[in-house]
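These notes concern the structure reproduced below.
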Amino acid sequence: MWSRCLLSASRSQPGRTPPGRTPPGRTPPGRAPPYREHSLTLERQKHVEPLLLHQEEEEEEEEEEEVEHYAPEPLGNNSLPPGVRALEETPGASKTFTSLKSIQKRKRRREEEEQEEEDGEEEKWKKKKEEEEEEEEEEEEKKKKKKKKKKKKKKKEEEEEEEEEEEEEEEKEKERKKKKKKKKKKKKKKKKKKKKKKKKKKKKKKKKKKDP
Numbered sequence: 001m002w003s004r005c006l007l008s009a010s011r012s013q014p015g016r017t018p019p020g021r022t023p024p025g026r027t028p029p030g031r032a033p034p035y036r037e038h039s040l041t042l043e044r045q046k047h048v049e050p051l052l053l054h055q056e057e058e059e060e061e062e063e064e065e066e067v068e069h070y071a072p073e074p075l076g077n078n079s080l081p082p083g084v085r086a087l088e089e090t091p092g093a094s095k096t097f098t099s100l101k102s103i104q105k106r107k108r109r110r111e112e113e114e115q116e117e118e119d120g121e122e123e124k125w126k127k128k129k130e131e132e133e134e135e136e137e138e139e140e141e142k143k144k145k146k147k148k149k150k151k152k153k154k155k156k157e158e159e160e161e162e163e164e165e166e167e168e169e170e171e172k173e174k175e176r177k178k179k180k181k182k183k184k185k186k187k188k189k190k191k192k193k194k195k196k197k198k199k200k201k202k203k204k205k206k207k208k209k210k211d212p
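Residue numbering for the sequence shown follows the UniProt record's numbering, beginning at 1 and increasing consecutively.
Given below as structure tokens:
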């Protein structure tokens, strides 16, 4: 009877859930809603994973610093320092050595990548310099050709001028000779005329003497 009263009271009170039933918005025990799982994954992607990544990076940096501090630089052709080589040769070396080895490997790989990048940049710079030098040479060659052409043109013009001057001189000479010849001819004609006149005069005088 008492239980019946309680049941009726729970039914009459708003917001109360009858026994055996789960309240709205909650999941029954042993079950997990898919949206909750999805929201957790999103939450993890948003907050947890970046934190983990950051933590891993920090750990890697610390390990690298440790290696740089404790392990000396490689000597000669041996890629590992003597202490690390001894550990490598010892059977059952500790996990610390394995992590050191992996860090060294990563470091070497990074250095190689950096070197490749530097080599690539150097190659680009060399190529650019070669192209610039070729352009300069071409420019120089063009200038030389232009200068040569100009010189040739000037020489040709000078030769033409000389030829013109020579022709003018020849023309003048011809004109002078012509004038001289004309003058000579005129003089000769004048002389001949004078001589003829003189002869005529003499003849006339002689005739006058004969006839008194």
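Don't be surprised by glycine CBs; every beta carbon is placed ideally from N, CA and C.
Computed from a predicted structure; not experimentally measured.
Any idea if L100 is buried or exposed, counting beta-carbon neighbours within 10 angstroms, 16 or more meaning buried?
buried
With 16 other Cβ atoms within 10 Å as the buried cut-off, status of Q115
exposed
Classification of Q55 by the beta-carbon crowding that lies within 10 angstroms, buried from 16 upward
exposed
Straight-line Cα distance separating K129 from E135:
10 Å
Quick one, which of E61, K174, K148 has its alpha-carbon nearest R106's?
E61
I'd like the list of long-range same chain contacts for K197, defined as Cβ closer than 7 Å, with 5 residues on each side in sequence excluded.
none
E173 versus E166 - alpha carbon distance:
10 Å
Determine the direct distance from the alpha carbon of K127 to that of E121, and round the result to whole angstroms.
10 Å
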